[in-house]
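Using mature numbering (1 follows the signal peptide of the UniProt record, and there is no 0), the letters of the sequence shown correspond one by one to residues -20 to -1, 1 to 594. Virtual Cβ for every residue (Gly too), placed ideally from N, Cα, C. Taking it in order: structure first as structure tokens, then the write-up.
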Amino acid sequence: MLGIFIYFVPFLSVLKLCIAAQCSQQTAPYELLLWRDNLEEGHCAFMSLQKTQKHKGISCNGTGYIRELSSVESAGELGEILRLISMDEGILLAQVQIECSNHASLHGEIRTSSAGMSHNGAGGPSQVILAPQQHEQGLRSGVEPPPLQVSSLITSGPSSNRVDLVFFSDGYTEEEYNKFIEDATRLAQDVSANQTFYTVKPLLNFWAAFSPSKEVARFFVVSVTPFGLYRDGTELRGLYSSKPDTALAACESLQDKCDYAILLGNDPLYGGLGGEFTTITSSLANGALVLRHELGHSIIDVGEEYDGGFAYFGVNAADTLSSVTWSHWLSDPDTPPREERSVSPLQAYPWTLLNTTTPFSTNFTSSGQYSQYLVKFSLSGVPEEKDLDVLLDGANLGWTPPRQDIGIDRWHYNLAGYSALSEGDHELQFILKNENTQGQAQLCSVEILEFGDDSEFNSGIGYYGAFPTFDLNNETTYRPTYEGCLMRSVTYPNFCKVCLEGLWLSLLKRVDLIDNVRESCIMKSASEVDSSTDQLWKKVLELDLVPLAQLRHNTIGFTESYKITWSTGGTTLEQFTNQTRIEVDDDMLSYDIDIVFSTNEVRKDDQGWLTASR
């Protein structure tokens, strides 16, 4: 706990406020970022060392460090990204020698890092052109970042005590600056205005960083753009960066203004990936949906929930029923979780262009032991119902696009069958009927799921249990809900409660609930002056808290609260409970402040991230 020692200076309006610093809350640690592009040789192509925002998990004695390793798809042949955080700069520099085989050449290339960004407070946007080596802050070895024109989109507080997300432009020409700002603003508002990140919005800042492209992007080939975003073939799926080191350098150049980089491609169709940085497109139908999902990977540090993947980890995944970590969210908390009975007899990712000559056909075998089924698939390039028929054993399943604005973009579909499949072989067909869609109509993925009856499988909205997820080898892990999470279904707008709790904890690990403690003096009124003393002044202590709970600017539809406790010498000052401003006499006392934030979106906080002290 931090002690606030206040020394009264008669007749002066300035107080000396001494705070015994707690490193996890008050002192900025150092962050070392390494990109190893050759895992066998341990070669590091990029290094950055600079101050970063606070981290509540850091040891105060300066002898330890946090090591985070990520191997992500968003840069194609990326290798590994290492992020190390410590209070001791020397410890991190020593790690360069351990982690990088080319550490000698890295040290030879070290130079000062690019500048941060000017900021005019929370009242409105700010802009500044950033050029490499503008200020003597931080060290970097590797590629230089591009010049960036930075604008504030949504500001909730100081970047030193917020999690900052930055949209970086890719494929926008100089003349398309306004379009980039409009696209970035739309996406930031979409994910934070009324769902997904809405309740944690006071913990976030959103920025837009513009760097013009020399040519209009063509994302099916590598174009001359700042970050080289491209697709792998004709698939509306992953969006890769051919310049991952530039993306890392761009984010690092903004220092504490960039915690999560979002590379925004100027393309109207589906695409994206998560990891050390997120890639998305400006797709009107899918841009925000993909952004939510990929930020879930990046911020909460969770794997997939949909079937057919390879990475299942984090708060939303369990290898066995006995290892379920969301027992405090179970709808039936008094009984051990059961496996909701389901099976996946078909998983395929054909990524095939459809034609009107030969229907796409695939077969699967059912055991006949389940009560109902679901056909899940995704399509692109098929804008109208009349263009395509989807048949199961010759019966038309009645596929239709859910929205007119989907057009040729990719979308995910669920067609439910409320009866049992018979035992034996079955055929699923996709029949393209419109010749004009050939060359663009593509079947991306297809899956069959079968479920037990209502006593064996609970598909109710809001039910939390243990639902099987089948990976690319059809091996099973478990997730918390049936279809109630955007990590399961990209078209769903919200996190499940388990992931949302993980979001809160991940963010509050880097955000202190106390923004500032301010002190001042005010003169006592005539009735307050004690004639036996010459004390004419009172001290005023004011807390600036992150605007949550009763301090929110906008009301939200659930329960949360701040509990504020003031004490001195171990004695609680009950008269000041839940007060953010107190007036005290001029005694030379140490005042302690304890903050506890409560929200019904967090039921378990083992590390105490929802607390703060001074």
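- In the three-state DSSP reduction, Lys504 falls in the coil class, being neither helix nor strand.
- Selection Leu452, Pro317, Thr471 and Gln418 evaluated against Phe437 yields Pro317 as nearest (Cα-Cα).
- Annotation: the continuous alpha helix (DSSP H) that includes Val171 extends over Tyr157 to Ser172.
- Counting the other CB atoms within 10 Å of its CB gives Gln235 a total of 16 or more, which places it among the buried residues.
- Remark: fewer than three beta-carbon pairs, one from each stretch, lie closer than 8 Å, so the stretch 402 to 416 and the stretch 308 to 324 are not flagged as touching.
- Between Leu145 and Arg63, the C-beta spacing is not below 8 Å.
- In the three-state scheme derived from DSSP, where H, G and I count as helix and E and B as strand, Arg16 is classed as strand.
- Under DSSP, no beta-bridge partner is assigned to Gln235.
- Distance from the CA atom of Ala529 to the CA atom of Thr345, rounded to whole angstroms, is 53 Å.
- Distances from the alpha-carbon of Leu49 to those of Glu320, Glu256 and Ala188 put Glu256 closest.
- For Gly267, there is no enclosing beta strand (DSSP E); the enclosing alpha helix (DSSP H) covers residues Gly267 to Leu275.
- Here Val130 is actually not in contact with Leu184; their C-beta atoms are around 16 Å apart, not less than 8 Å.
- Comparing alpha carbon positions, the residue from Trp517, Tyr398, Leu128 and Thr457 closest to Glu320 is Thr457.
- Counting C-beta atoms within 10 angstroms of its own C-beta, Ala375 has fewer than 16 neighbours from the protein chains shown and is therefore classed as exposed.
- Membership of Gln129 in the beta strand (DSSP E) is indicated by the continuous run Leu128 to Ile134.
- Taking a cut-off of 8 Å for Cβ pairs, the stretch 171 to 189 and the stretch 280 to 288 do not touch, as fewer than three such pairs fall below it.
- Rounded to whole angstroms, the gap between the alpha carbons of Arg217 and Trp391 is 11 Å.
- As the crow flies, the alpha-carbon of Arg16 is around 30 Å from that of Cys479.
- Between Leu493 and Thr471, the alpha-carbon positions lie close to 33 Å from each other.
- The way I'd put it, the stretch 431 to 448 doesn't touch the stretch 243 to 256; fewer than three beta-carbon pairs between them come closer than 8 Å.
- A direct Cα-Cα distance of roughly 45 Å separates Thr579 from His23.
- Cβ neighbours of Val526 within its own chain (closer than 7 Å, five residues either side excluded): Gly137, Pro182, Leu183, Val491, Leu493 and Asp495.
- Taking Gly482 as the centre and dropping the five residues before and after it, the same chain places the C-beta of Ile280 and Val295 closer than 6 Å to its C-beta, in chain order.
- Around the C-beta of Ser311, fewer than 16 other C-beta atoms lie within 10 Å, and the residue is accordingly described as exposed.
- Per the C-alpha coordinates, the member of Thr258, Ala229 and Asp433 positioned closest to Tyr240 is Thr258.
- For Glu60, the uninterrupted beta strand (DSSP E) segment begins and ends at Glu60 to Ser66.
- Close CB contacts of Trp309 within its chain, under the 8 Å cut and outside five residues either way in sequence, are with Tyr444, Pro460, Lys477, Val478, Glu481 and Arg583 (chain order).
- Gly348 is positioned such that its CB atom lies no closer than 8 Å to that of Ser303.
- Per the coordinates, the alpha-carbon of Lys356 lies some 41 Å from the alpha-carbon of His35.
- Contact between the stretch 412 to 431 and the stretch 322 to 341 is present: 3 or more CB-CB pairs across the two stretches fall below 8 Å.
- In the structure shown, Gly348 falls within a coil segment according to DSSP collapsed to helix, strand and coil.
- For the pair Ala230 and Phe148, the CB atoms are nearer than the 8 Å cut-off.
- Between Pro206 and the set Thr552, Glu124, Tyr398 and Leu72, the nearest pair of CA atoms involves Glu124.
- Collapsing the DSSP output to three states places His406 in a strand.
- In this structure Leu368 does not touch Leu377 by the C-beta definition: roughly 11 Å separates them, more than the 8 Å allowed.
- Of the candidates Thr165, Val204, Phe431 and Gln422, Phe431 places its Cα closest to the Cα of Tyr398.
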